[in-house]
């Protein structure tokens, strides 16, 4: 069963996010997911255009996974992506990328009472359902 996931994260965590993507694809489980996150930043300063492009990616997914690093909670874009995901009906979960650093939970995840998990692909797969 394939789940389509949108990954919400900050640029500072891109290297770790790449490892997450790779582990999620390589993990031998009954559930896999397609990653609909933005791979290349949009070359625009027009926020409305960027929101339109990201919204299409979010709508193509059934679940949004917020990958939480030390500065994720400060990102207005991550907050917007999480709230937009809820608006379109995506299942939402948070995943802490680091166990050795403080990674505050973004307010949108708290407001929506979304589950926040440690980086454990099996647990994440179970949470996605």
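Numbering (our numbering), first residue to last: 5 to 133. Positions of the beta carbon are idealized from the N, C-alpha and C atoms, including for glycine. Given the structure is predicted, the values throughout are model-derived calculations rather than measurements.
Apart from sequence neighbours up to five positions away, the residues of its chain that approach residue 109 with a beta-carbon distance below 8 Å are 72, 77, 98 and 120, ordered along the chain. Comparing alpha-carbon positions, the option among 85, 92 and 93 lying closest to residue 112 turns out to be 85. Here the alpha carbons of residue 69 and residue 94 stand approximately 10 Å from one another. The C-beta of residue 52 has fewer than 16 other C-beta atoms within 10 Å across all chains shown, which makes the residue exposed. As far as DSSP is concerned, residue 103 takes part in no beta bridge. Residue 10 is not a Cβ neighbour of residue 54, given a cutoff of 8 Å. If you check the CB distance, residue 82 and residue 14 come in under 8 Å. When 122, 29, 117 and 128 are compared, the shortest CA-CA separation from residue 102 is found for 122.
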